[in-house]
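Residue numbers (this note's numbering): 100 to 242.
A virtual CB, placed ideally from N, CA and C, is assigned to each residue, including glycine.
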């Protein structure tokens with residue numbers, strides 16, 4: 100993967116942002132919070148160093164909601180469209196894969212597979228919660 104700049108925006112286009120470089124990781128999250136927030140059985144994520152993220156338009160329309168201190172979910176206050184999730188304890192920001200249409204999404208793992216509502220037998224590592232280096236148990240589950 101080459102270093103590039105990828106542009107994203109909310110549903111109505113009021114909030115625009117870009118990320119540059121390469122993501123720290125990509126994968127699928129199966130936690131109940133992501134499923135509920137995304138209204139989907141699984142959420143594709145791309146993790147970035149926050150210094151590689153820039154809101155280029157509509158910053159005054161970025162709202163934040165946090166159910167827990169682990170995830171600060173960002174959305175457009177105009178249309179309600181999802182943007183990203185800041186994970187302060189990890190020092191990373193999750194830009195949802197669907198928000199970066201030009202990025203070649205290549206997931207490398209599944210996280211919170213212990214909470215899954217949909218099995219995905221794709222041969223990728225399946226973590227019960229998170230890898231140990233991200234603060235989880237590191238325990239893996241079968242495909």
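**Prompt:** From what residue to what residue does the beta strand (DSSP E) around residue 153 run?
**Reply:** For the purposes of this step, residue 153 is taken as residue 54 along the chain shown, with counting starting at 1. Its beta strand (DSSP E) spans residues 152 to 156.
**Request:** Compare the Cα-Cα distances from residue 187 to each of 139, 147, 120, 132 and report the closest residue.
**Result:** One-based indexing of the chain shown puts residue 187 at position 88. Out of 139, 147, 120, 132, 147 has the C-alpha closest to the C-alpha of residue 187.
**Prompt:** Which residues does DSSP pair with residue 198 in a beta bridge?
**Reply:** As a first step, residue 198 must be located in the chain shown, where it is residue number 99. Note: residue 198 sits in no beta bridge, so no partner.
**Request:** Would you list, in sequence order, the uninterrupted alpha helix (DSSP H) runs of no fewer than 4 residues that lie entirely inside the stretch 163 to 217?
**Result:** none
**Message:** I need the DSSP call for residue 130, collapsed to helix, strand or coil.
**Reply:** Looking up residue 130 in the chain shown gives position 31. If DSSP states are grouped into helix, strand and coil, residue 130 belongs with coil.
**Message:** What would DSSP say about residue 229, mapped onto helix, strand or coil?
**Reply:** As a working note, residue 229 is residue 130 in the chain shown. The answer is coil: DSSP assigns residue 229 none of H, G, I, E or B.
**Message:** Going by DSSP in three states, residue 137 sits in which element: helix, strand or coil?
**Reply:** Start at 1 with the first residue of the chain shown, and residue 137 comes out as number 38. If DSSP states are grouped into helix, strand and coil, residue 137 belongs with the helices.
**Other residues of its chain near residue 133: CB distance less than 6 Å, five sequence neighbours each side excluded** = By 1-based counting over the chain shown, the position of residue 133 is 34. Hits under 6 Å: 142.
**First and last residue of the uninterrupted beta strand (DSSP E) at residue 145** = Numbered from 1 along the chain shown, position 46 holds the residue referred to as residue 145. Looking at the DSSP string, the run of the beta strand (DSSP E) that includes residue 145 is 142 to 147.
**Asked** Got a sec, what are the start and stop residues for the beta strand (DSSP E) residue 116 sits in?
**Response** Position 17 of the chain shown holds residue 116. That run of the beta strand (DSSP E) goes 115 to 120.
**Message:** Assuming the contact rule is C-beta atoms closer than 8 Å, residue 104 and residue 117 should be a hit. Round their C-beta distance to whole Å, please.
**Reply:** Taking the first residue of the chain shown as 1, we reach residue 104 at position 5. Taking the first residue of the chain shown as 1, we reach residue 117 at position 18. The Cβ separation is near 5 Å, so the contact holds.
**Request:** Specify whether the stretch 151 to 170 and the stretch 220 to 228 touch according to this definition: at least 3 beta carbon pairs, one from each stretch, less than 8 Å apart.
**Result:** no
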